Amino acid sequence: ALDGLRLVVALVLTEVVHRCVEVPFHQGRARLVHPGRALAGATIAAAVVVGAVSLAPRDDDAPSAPMAAEPSVITLPPAPAASDHDTGPATPAAPALPRLVVLGDSQAFVLLRNVPDSGVARVGGAHHGACDIIGAVIALGDRLEPQSPTCDAWPDQWSRALSSGADAVVVSLGLRQVFDPVIDGERVEVGSERWEQVYRAAVDRAVDVIRSRTDAPILWLDVPCYRWYLTEGEERDADRLRTVNTVLMEQLGTHPGVAIAPYSSRVCTGDDGNELIDELRPDGVHLDDEAAADTWTWILDQVGFTPTH
Numbered sequence: 679a680l681d682g683l684r685l686v687v688a689l690v691l692t693e694v695v696h697r698c699v700e701v702p703f704h705q706g707r708a709r710l711v712h713p714g715r716a717l718a719g720a721t722i723a724a725a726v727v728v729g730a731v732s733l734a735p736r737d738d739d740a741p742s743a744p745m746a747a748e749p750s751v752i753t754l755p756p757a758p759a760a761s762d763h764d765t766g767p768a769t770p771a772a773p774a775l776p777r778l779v780v781l782g783d784s785q786a787f788v789l790l791r792n793v794p795d796s797g798v799a800r801v802g803g804a805h806h807g808a809c810d811i812i813g814a815v816i817a818l819g820d821r822l823e824p825q826s827p828t829c830d831a832w833p834d835q836w837s838r839a840l841s842s843g844a845d846a847v848v849v850s851l852g853l854r855q856v857f858d859p860v861i862d863g864e865r866v867e868v869g870s871e872r873w874e875q876v877y878r879a880a881v882d883r884a885v886d887v888i889r890s891r892t893d894a895p896i897l898w899l900d901v902p903c904y905r906w907y908l909t910e911g912e913e914r915d916a917d918r919l920r921t922v923n924t925v926l927m928e929q930l931g932t933h934p935g936v937a938i939a940p941y942s943s944r945v946c947t948g949d950d951g952n953e954l955i956d957e958l959r960p961d962g963v964h965l966d967d968e969a970a971a972d973t974w975t976w977i978l979d980q981v982g983f984t985p986t987h
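For the working numbering, add 678 to where a residue sits in the sequence shown, where the first one is 1.
Structural data, given as C-alpha cells:
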C-alpha cells in the first residue's frame, strides 16, 4: 500500500510540475525573478513530501511477518584434503566429518543459517520459504493463500542438495500443513478422507525424492504449533496438530530408516501442546539464533553425530 501511495504521489507531482512549471517556461510565459530562492523552496518542498510519504506510521503492536527464505541449495563443503606440500612425517589422516543435509521451508533456512562450528558434521541442504509438499494453495479462514510460483521446483532442489551424498538427512516442514489445502479448486478439510490420501501421498513422494539419492537415515521433525498473523488460529488448533502429526507419524513409519523427532515438544507447551513458547520463536514461526543453536545440539544428538577428537 505504501509503495502504491508513493507511486501515485510521484505521478501527480510529475504532472503538476510539467503543467505549471515546464510548459510555461518553454512557451516563454513565465520566468524566475529570484532563481536561488525558487530552487531552495522547491528543494524543501520536495524533501517534506518525500519524508511524509516515506515515514509511514508504525504500529509497535502489529505482529511481524514471518521471514521469507528465497529458494536456495547450500552445497556441502568439501572434506579437507591432504596438502601436496606436506613433506613431514606421515600422520594418520583425520576422519572425514559425516555429511548432514537439511531440507525444508524457511525453518530449514534458519537452521542452515545457524550451522554450528563444532567440527561434528559437514552441513548443506535446500530451503524454500512459503512452500510445502502438499497443495499449491491453502485456505486461511476464508482467504486463499497460494504458494510461491517456484515451489514446484522443490524435488529438484532436494535432489541437488543430496547429489554429493549424505550420512543423515533432516526434514523440517510444517506451517502450511495445518491448513486446509485447495485441490483442483476444492477445499479439502484437514482430517477428511481425501485430505489423508493427499497428505500420505505427499509424504511418500518426499521420501522417494530423498531415497532416489541416498539410503541415509532420515530425521523428520514433527509439526509444532505456530502463531501466524494472517490466520484465524488454525495453526494453534490442537485437533489439527494432533491429526497432522498422527498421520505423518503413521506414514513415515512405512518407510525404513525414517524417524520422526518430537520438535513440537521443544517449542510448544500447554496441556494440548498448542501454546507457543514466545522466547524461542519471537515471530511465531522461526527460531531465533540462540534457540536455533540449541536446536542444533539436539538435532546432532538425535542423528547420533558426536564430536570427533
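Backbone N, C-alpha and C fix where the C-beta goes; we use that ideal spot for every residue, glycine too. None of these values were measured; they are calculated from a predicted model.
- For isoleucine 811, the closest alpha carbon among the candidates Gly863, Ala799, Glu748, Val887 is that of Val887.
- For asparagine 792, the closest C-alpha among the options Ala970, Thr975, Trp976, Gly935 is that of Ala970.
- Across the structure, leucine 789 and aspartate 972 are spaced so that their CA atoms are roughly 10 Å apart.
- The secondary-structure analysis by DSSP pairs glutamate 953 across a beta bridge with Thr947.
- Bridge pairing for alanine 804: Val751, Leu781 [DSSP].
- For serine 890, there is no enclosing alpha helix (DSSP H), as DSSP gives it neither H nor E.
- DSSP lists Ile861 as the bridge partner or partners of glutamate 864.
- Within the segment 819-854, the complete alpha helix (DSSP H) segments at least 4 residues long are 832-839, listed from N- to C-terminus.
- Straight through space, the alpha carbons of glutamate 693 and alanine 786 are spaced by roughly 48 Å.
- Under the DSSP assignment, valine 936 falls in the beta strand (DSSP E) whose first and last residues are 936-939.
- In its chain, beyond the 5 residues on either side, Asp900, Ile938 have a beta carbon closer than 8 Å to the beta carbon of methionine 927.
- As the crow flies, the alpha-carbon of alanine 817 is around 6 Å from that of glutamate 823.
- In the structure shown, isoleucine 811 adopts coil according to DSSP, grouped into three states.
- Annotated three-state conformation of tryptophan 974 is helix, per DSSP.
- Annotation: alanine 879 to leucine 775 spans about 34 Å, alpha carbon to alpha carbon.
- Ranking Ile752, Glu957, Leu919 by CA distance to the CA of arginine 854 puts Leu919 first.
- With contacts defined by Cβ atoms closer than 8 Å, serine 837 and serine 890 form a contacting pair.
- Excluding sequence positions up to five before and after proline 902, its CB lies within less than 7 Å of the CB of Gly852, Tyr941, Ser942, Val945, Cys946, all in the same chain and listed in chain order.
- Here aspartate 950 has Ala916 as same chain residues with Cβ atoms under 7 Å from its own Cβ, once five neighbours each way along the sequence are excluded.
- Here DSSP, grouped into helix, strand and coil, assigns tryptophan 873 to helix.
- With fewer than 16 neighbouring CB atoms inside 10 Å of its own CB, tyrosine 907 falls in the exposed class.
- Between serine 784 and glycine 803, the beta carbon gap of about 12 Å keeps them out of contact (Cβ cut-off 8 Å).
- The residue among Glu913, Ala814, Leu840, Pro749 with its C-alpha nearest the C-alpha of glycine 863 is Ala814.
- Looking at the backbone, the Cα of glutamine 825 and that of cysteine 698 are separated by about 47 Å.
- Approximately 6 Å separates the beta-carbon atoms of glycine 962 and tyrosine 904; this is inside 8 Å, confirming the contact.
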